[in-house]
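Protein chains: 6
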Amino acid sequence: MLLHLCTWPEVESYLDRSTGIILPIGSTEQHGPTGLIGTDAICAEAIAKGVGEATGALVGPTINVGMALHHTAFPGSISLRPSTLIRVIKDYITFLSKSGFSTFFFINGHGGNIATLKAAFSETYAHLADLNLPNSDRVRCRVANWYQCESVYRLAKQLYGAREGSHATPSEVALTQYIYPDSIKTAPLDANVAKGHPIYGAADFRRHYPDGRMGSDPSLATPDHGRQLYELAVKDLSRSYLEFLN
Amino acid sequence: MLLHLCTWPEVESYLDRSTGIILPIGSTEQHGPTGLIGTDAICAEAIAKGVGEATGALVGPTINVGMALHHTAFPGSISLRPSTLIRVIKDYITFLSKSGFSTFFFINGHGGNIATLKAAFSETYAHLADLNLPNSDRVRCRVANWYQCESVYRLAKQLYGAREGSHATPSEVALTQYIYPDSIKTAPLDANVAKGHPIYGAADFRRHYPDGRMGSDPSLATPDHGRQLYELAVKDLSRSYLEFLN
Amino acid sequence: MLLHLCTWPEVESYLDRSTGIILPIGSTEQHGPTGLIGTDAICAEAIAKGVGEATGALVGPTINVGMALHHTAFPGSISLRPSTLIRVIKDYITFLSKSGFSTFFFINGHGGNIATLKAAFSETYAHLADLNLPNSDRVRCRVANWYQCESVYRLAKQLYGAREGSHATPSEVALTQYIYPDSIKTAPLDANVAKGHPIYGAADFRRHYPDGRMGSDPSLATPDHGRQLYELAVKDLSRSYLEFLN
Amino acid sequence: MLLHLCTWPEVESYLDRSTGIILPIGSTEQHGPTGLIGTDAICAEAIAKGVGEATGALVGPTINVGMALHHTAFPGSISLRPSTLIRVIKDYITFLSKSGFSTFFFINGHGGNIATLKAAFSETYAHLADLNLPNSDRVRCRVANWYQCESVYRLAKQLYGAREGSHATPSEVALTQYIYPDSIKTAPLDANVAKGHPIYGAADFRRHYPDGRMGSDPSLATPDHGRQLYELAVKDLSRSYLEFLN
Amino acid sequence: MLLHLCTWPEVESYLDRSTGIILPIGSTEQHGPTGLIGTDAICAEAIAKGVGEATGALVGPTINVGMALHHTAFPGSISLRPSTLIRVIKDYITFLSKSGFSTFFFINGHGGNIATLKAAFSETYAHLADLNLPNSDRVRCRVANWYQCESVYRLAKQLYGAREGSHATPSEVALTQYIYPDSIKTAPLDANVAKGHPIYGAADFRRHYPDGRMGSDPSLATPDHGRQLYELAVKDLSRSYLEFLN
Amino acid sequence: MLLHLCTWPEVESYLDRSTGIILPIGSTEQHGPTGLIGTDAICAEAIAKGVGEATGALVGPTINVGMALHHTAFPGSISLRPSTLIRVIKDYITFLSKSGFSTFFFINGHGGNIATLKAAFSETYAHLADLNLPNSDRVRCRVANWYQCESVYRLAKQLYGAREGSHATPSEVALTQYIYPDSIKTAPLDANVAKGHPIYGAADFRRHYPDGRMGSDPSLATPDHGRQLYELAVKDLSRSYLEFLN
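Protein chains in written order, with the numbering used here: chain A, 101 to 346; chain B, 101 to 346; chain C, 101 to 346; chain D, 101 to 346; chain E, 101 to 346; chain F, 101 to 346.
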């Protein structure tokens, strides 16, 4: 059940039976020579829709642009500053809380969002307390990273081993191939991919990761891997969502 | 050409031939008893993709949540405060400008976004001047409202006359019906629809527009109207984009 | 009745009979080779005082500096950033609302202020809702641009035709000549005045409008034109204010 | 020489001979049962104009609304929050610095502005350093309080002794009587005026100062006192400005 | 070498041989019935000084108040909002970067700080890039949590097992006992301590953790445990700091 | 009684008998060739502890970094921008007010903090009013500068006369010598010390005060002077605190 395809009376009815909502959040950032710039948003959105179908949960609109400052030395990357993203999340949760929602489950496709999301949740709880909304002290938020679901992690390990890497990974690329089979990209990939350098600013990132990959070999990805990963993620996160809701 | 389905080297190539980008912006807000909450985002996104195909322009990710504070007394509406949206737009344009983009064409589906977008453009031009980016003083932004294209406006008038109204209009509902034919909603609509009251705060809005419509009769909408409106909007805005680019 | 020339008990009495206040807002920006930098503030203030006299409304202090970022490449221009002006407006309305005012009528002399004012109104309605003031959901704001009054527009057209232009116009210059007859400036004006270029950043503006005028011929202005325009604007806006109040 | 009555080429010429500008700043706040709400702005503006005439300095537009939060429990008072006023001052100075001004002399009529102005100056110097403007490290700001000029202070003491008080003082009231002789107000004044309580929040202020005066007897004021005080202030501040400039 | 006990010429000399600085960050928050409110700041500061001595690194002043919003329903807790702490960290790093520092090692005593610190680092890298400082793209920040050092974690496990818990832990209490042996507090502790509930807002936290402990038994702490933990943490973090520096 | 060495139940008990708290605030900034960078924080903290002991007041954690932007051209100085410090102070007071504190006595060691602190108090009173806390309109804040205590001022005058100067003064240096006798620094001091130049931005400050001193001769300081100054300050401020509390 997608919020964008509901009418407001349908949402009103939904709120009679549930206060939960799923919010997909991704990023718009380089994913190496062959990964799609929308990878993190595409994965989060697809899985969130799957979880929504499996659990009957309402799924809000995808936050397409997240905290990707360290990728902004590559053309096409867009980022919100953390202070901006905090305000965005605060606005989302505040106005949905005014509607009656109190259980916010963010399905996240990008590691760079996690810290800012957690900071935003804290900021928002305090803001809601300031506003004295009736449900202020019942609001609960959680970030769930699809790529860290245990079953997903295990399959990625099994399929790709160390060549999974940590950015522009074959598992996320596989997932986008499954979702957008017409947008599979190929390019010569240097076997000697950079890895292990911590993440600082954008210029530093590009200096150390010149083609954008972090230790990964996305050429291993296949659409069928993507399908398997998708199904595991939906199953795991559906369970997590229902546990969180209750 | 969708940014989300490109790799960064593809964006790099694109920038060799163009500095333009289309950014769809909508809203997540009640659209009366039968209109979809995502109407404005759905319409802006579909038309932007059409314009991208027609002109070869790159189309960025859709800004799904805009400035809809006055709709937030209806459940399911989400809004950014203007001060938040200004920061979002500033971040988008700043980081895309660092990539080399300088021509930003926002295809907009929601009247409530216009003032804040214009304020954001001014804020951003001054911010870019502060940063001394090489292309700072070449950056140009425009907001193009699909529903105000002359041909669209004329057809809506002809199809619906005064029953077009100004929110939850049959023309935008028709467009969503064309795009999502499986999500056509019906509900009894009071013929005596409210109209003419100016827009102030959220509580005032709901008091004056109890079912969310502003003078409109969305029951007149058909998917085929939607198709016609879509085609007119794509044609008009493609011309506008190309003129703006050159 | 000017707020600045009242005592607080006089304001208290006023609030017993009216919750309306007029707030003049102008700008401090170049107005071509012969226009006064204070033109927009001068015009808004004079007309607001006239409307106050005609209607018995309280008139607040003039906001002298508005959103004029695009004029700041000319010496003497001052601007607030939109994000600053939004905070200013929010503070004005919030504290006046705490006093008991709820009807805010901004008489505006500068097109560049409109978008930011509208964004500020939205921001403020939501802020007042957060504060739970007793009159929060009764607060209403409107911006009224004197130069867009129908009668004013018609006279300007009749007097100057296309030479009215859109910045440093003979009509606004005429109005300042009527108000400050000792400050009438002359200078050679290039007949080939620039026009038609959209407004982006400050450097771009000056590049395209080298003497600051936008398609106008302010040499046509006379103090007597100014008087006529003043009287029309006061009459029109007095009617608008009273309609808005009730 | 008033900025508002200049054209931009006149400002350009002025900048060839001076980088100094005077900025009057007042407040819009209750001044007891008989003092005008605009007192602080009226006094600052009049004296600034006098200093401008005496020294040939350019005088900018008056900042009518300052930091008067503690007065906002009285109707008609308007205040900017300190964080807002800091942004306003930062914007003024930044854009005037881009024009070439570097010497900012604020003539102030309200004690409550001083702390925030000083904080704003510090904030602005650091901001200008961030921007790398050519004159960034030459910008100097000063706040000059007319009522603290030695000669003014001495005359007030001599005329009113302890009945000068510290808010809604006879000296500031006298000055407004001199400037606006048609707006002299009278009201019965409790001889037992409150005094000596420090300033905290707005509710606390009104609780301790129920009619708004702080230890003052404004009934002692006369327009002729106002004239004397005006002349002393103009003389003193003209000297201060010239010293500051050089 | 403590920054607070240095002169500026000593810092200048230090910068000739190192660009690294250690910044202790703690929190001011309840730590159960017997834990000190300053626990996190006390531990971070003591260990940072130890690391400074062991490595010759400069140690900056302790950030005593961090992100502890969820503890603010207990008296004596103080917190910065995440958006405030981000600004604080940005200011620290920016001005130290202007001095020539580029390697920032935060020794942290509070889990609640981590997300906000990481968000702040991202915000700051982008801010420094905006400023075009000479060392902008060389600035690197890291947060090191003393309680997560492998050796510390192992000893805590060995000493306390599951009774270590996750807040007001015996290990952090032991460390404060070692540092402040005169401030050892005792109180009856309910053996049935709450645990396992995720952290949301302040009211929710206190509802679920009524005495402030999260699954811990701080009565197990001894000053000698504290000494051992201190020595392990200093040794581990000294190695980490030197690795980070090079 | 130090907040950092209390448990939360101890704070709860304290609040039964007092709503007052002392907050030391200093700075981290150059203090000339021989003064410690932490001078202002060290002095404020030591005196605050002394006052706490003398009066039984609770003493909060020291704010080590204040508003020292004008010192940031000397290595080792750290500063918050005024807008940051305002948020910090607002957060401290807001969360302590929620605990039940209402009387905030800041013992300050740095002149540069005063304006921003006062602005922050105003900002906070208005913020508390927005929140409708039960004690909102009872919150009172004061800044007490130890170096301006009458007895301290008199002794400094007597010991050092004009060589006290106004920054890196022998009196503050003496106080740090008394507190940290092992950190007494010496260096050749130019007898011809700069003085009398007003404070503007950081580059300007260093240009005019090349070694960081403002008219002072810190070589006159002795630890015993420090002891005397300490005792006077504690005595004076203890009296001030108790007066303020009642």
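Even for Gly, the Cβ is constructed at its ideal location relative to N, Cα and C. All figures in this text were calculated on a predicted structure; none of them were measured in a lab.
{"Query": "Starting from the C-beta of Tyr225 (chain A), find all residues in its chain whose C-beta is less than 7 Å away, skip the five residues before and the five after it, and write them out in chain order.", "Result": "Val239"}
{"Query": "Here's the rule: buried if 16 or more other CB atoms are within 10 angstroms of the residue's CB, otherwise exposed. What is Thr139 (chain E)?", "Result": "buried"}
{"Query": "Tell me whether the beta-carbon of Thr128 (chain A) lies closer than 9 Å to the beta-carbon of Gly176 (chain A).", "Result": "yes"}
{"Query": "In whole angstroms, what separates the C-alpha of Thr276 (chain B) from that of Tyr260 (chain B)?", "Result": "16 Å"}
{"Query": "Taking the alpha-carbon positions, what's the Pro318 (chain F) to Arg263 (chain F) distance?", "Result": "8 Å"}
{"Query": "For Ile137 (chain F) versus Trp246 (chain E), is the C-beta distance shorter than 9 Å?", "Result": "no"}
{"Query": "Is the Cβ of Gly200 (chain F) closer than 9 Å to any Cβ of chain D?", "Result": "no"}
{"Query": "Taking the CB atoms as reference points, tell me whether His170 (chain A) and Asp304 (chain A) lie closer together than 9 Å.", "Result": "yes"}
{"Query": "Does chain C have any CB closer than 9 Å to the CB of Asn232 (chain F)?", "Result": "yes"}
{"Query": "Kindly list, in the order they appear in chain A, the residues whose Cβ is closer than 7 Å to that of Glu112 (chain B).", "Result": "Pro175"}
{"Query": "What does DSSP give as the partner residues of Ile121 (chain A) in its beta bridges?", "Result": "A:Leu158 and A:Phe204"}
{"Query": "Among F:Ser183, F:Gly120, F:Ala141 and F:Ile142, which has the Cα closest to the Cα of Gly156 (chain F)?", "Result": "F:Gly120"}
{"Query": "Name, please, each residue of chain B whose Cβ falls closer than 7 Å to the Cβ of Asp304 (chain C).", "Result": "Asp237"}
{"Query": "If distances are taken between C-alpha atoms only, which option among E:His297, E:Gln248, E:Ser316 and E:Lys257 comes closest to Val334 (chain E)?", "Result": "E:Gln248"}
{"Query": "Can you name the residues of chain F whose CB is closer than 7 Å to the CB of Thr216 (chain D)?", "Result": "Ala219"}
{"Query": "Taking only three categories from DSSP, how would you classify Val111 (chain F)?", "Result": "helix"}
{"Query": "State yes or no: is the beta carbon of Met167 (chain F) nearer than 9 Å to at least one beta carbon in chain D?", "Result": "yes"}
{"Query": "List, from N- to C-terminal side, the beta strand (DSSP E) runs of 3 residues or more that fit wholly inside the stretch 281-308 of chain D.", "Result": "none"}
{"Query": "Could you give the first and the last residue of the continuous alpha helix (DSSP H) run that contains Ala215 (chain F)?", "Result": "Ile214 to Leu231"}
{"Query": "Whose C-alpha, out of D:Leu123, D:Ile142 and D:Pro124, is nearest the C-alpha of His131 (chain D)?", "Result": "D:Ile142"}
{"Query": "Which class does Val188 (chain F) belong to by DSSP, given the choice of helix, strand or coil?", "Result": "helix"}
{"Query": "I want to see whether chain F comes within less than 9 Å of Tyr260 (chain D), judged by CB atoms only; does it?", "Result": "no"}
{"Query": "Looking at Asp230 (chain C) and Asp237 (chain A), is the spacing between their C-beta atoms short of 9 Å?", "Result": "no"}
{"Query": "At a cut of 8 Å, does the stretch 205-214 of chain D reach the stretch 172-190 of chain C through at least three beta carbon pairs?", "Result": "no"}
{"Query": "What span of residues does the alpha helix (DSSP H) with Ala244 (chain F) cover, start to end?", "Result": "Where Ala244 (chain F) is concerned, there is no enclosing alpha helix (DSSP H), although the beta strand (DSSP E) it sits in stretches over Arg240 to Asn245."}
{"Query": "In terms of residues, what are the limits of the alpha helix (DSSP H) holding Lys279 (chain E)?", "Result": "At residue 279 (chain E) the sequence reads Ile, which differs from the Lys that was named. Element bounds for Ile279 (chain E): Pro270 to Ile279."}
{"Query": "Are Thr286 (chain B) and Ser316 (chain B) close, meaning C-beta to C-beta below 9 Å?", "Result": "no"}
{"Query": "Considering only residues of the same chain and omitting the five flanking positions on each side of Tyr330 (chain D), which have a CB-CB separation below 8 Å?", "Result": "Ala146, Ile147, Gly150, Leu275, Tyr278 and Ile279"}
{"Query": "Between the C-alpha atoms of Leu320 (chain C) and His267 (chain C), what's the straight-line distance to the nearest angstrom?", "Result": "14 Å"}
{"Query": "At the 9 Å Cβ level, is Trp246 (chain E) part of the contact set with chain F, yes or no?", "Result": "no"}
{"Query": "Report the neighbours of Glu145 (chain A) on chain E: residues whose CB is nearer than 7 Å to its CB, in chain order.", "Result": "Residues of chain E passing the Cβ test: none, with the nearest at roughly 23 Å."}
{"Query": "Can you check whether the CB of Ser340 (chain D) is closer than 9 Å to the CB of Ala215 (chain F)?", "Result": "no"}
{"Query": "List the residues of chain B that Pro109 (chain A) touches, going by C-beta distances under 8 Å, in chain order.", "Result": "Pro133 and Ala287"}
{"Query": "Select from E:Glu250, E:Met314, E:Glu343 and E:Gly211 the residue whose C-alpha is nearest the C-alpha of Ala291 (chain E).", "Result": "E:Met314"}
{"Query": "Taking CB distances under 9 Å as the criterion, tell me whether Arg242 (chain F) reaches chain D.", "Result": "yes"}
{"Query": "Output yes or no for whether 9 Å exceeds the beta carbon distance between Thr162 (chain D) and Pro133 (chain D).", "Result": "no"}
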